[in-house]
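Structure, as structure tokens:
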Amino acid sequence: MRTVHILPLVGALFISLTMASRAQGEGDARSVSPIYGVSLPEGYRQWELIAPALEGEPLNELRAIVGNRTAIDAYRSGTLPFPDGTVLVKLAWKRTPSQEFEPAAIPGAATTVQVMVKDSRRYAATGGWGFGRFIGGKPVDEVQHRTCFACHEARVKGHDFVFTRFAP
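The sequence shown maps to residues -23 to -1, 1 to 145 in mature numbering (1 follows the signal peptide of the UniProt record, and there is no 0).
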């Protein structure tokens, strides 16, 4: 059985969050997701970490979920549903073995940046959430955005449609 050490993983995610990323730029402010009109939030790379995540096959990704101040305050106080103004951003990279420390995995190529914005009036039909999925700073097509809410509704309706739990 192979052991994955979490400390090197979390350390690598923190380092990755603080470094500029050519593959995951802030994007053009006019680039908005179809259906929802969500854009990449300005300065999200400097937001506080909510939790790291590891996605197994077939995606095989390391992920870091960050949030704006409203999100962090809600997580810390245990507030559900999340208040309007909450913004969550999930950054994802291909999981790559570390060459320096064999048991560790580190972020490889950037894959996506996904955004959730809470606005209970604007997004009433989707549990109060607007969604955006971006590759290389540009939103993906409408077909991919149509799958967002259905997945969240089927799996995490009881947690205000949010998968991520706050890492202690």
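Each residue gets a CB set at the ideal place from its N, CA and C atoms; glycine is no exception. The structure displayed is predicted, hence computed values, not measured ones.
Query	Result
I'd like to confirm the pairing. Which residues does DSSP put opposite G109 in its beta bridges?	V92
For the stretch 8 to 91, list the alpha helix (DSSP H) runs that are entirely contained and at least 4 residues long, ordered along the chain.	46 to 54
By Cβ distance, which residues of its chain are closer than 6 Å to F126, with the 5 residues on each side in sequence left out?	T103
Do you know whose CA, among A144, E38, N45, L65, lies nearest F108's CA?	L65
Following the continuous alpha helix (DSSP H) through A102, name the residue where it begins and the one where it ends.	From DSSP, A102 is part of no alpha helix (DSSP H); its letter is neither H nor E.
Where residue 147 and A48 are concerned, what is the direct C-alpha to C-alpha distance, given to the nearest angstrom?	The structure shown has nothing for residue 147, since the chain only spans -23 to 145.
Quick test of your reading: L39 and A86, contact by CB under 8 Å. State the CB separation rounded to the nearest angstrom.	With a Cβ gap of about 11 Å, L39 and A86 do not count as contacting.
Run the CB neighbour count on L31, radius 10 Å, all protein chains shown included, and call it buried at 16 or more, exposed below.	exposed
Which first and last residues belong to the alpha helix (DSSP H) in which H122 is found?	119 to 122
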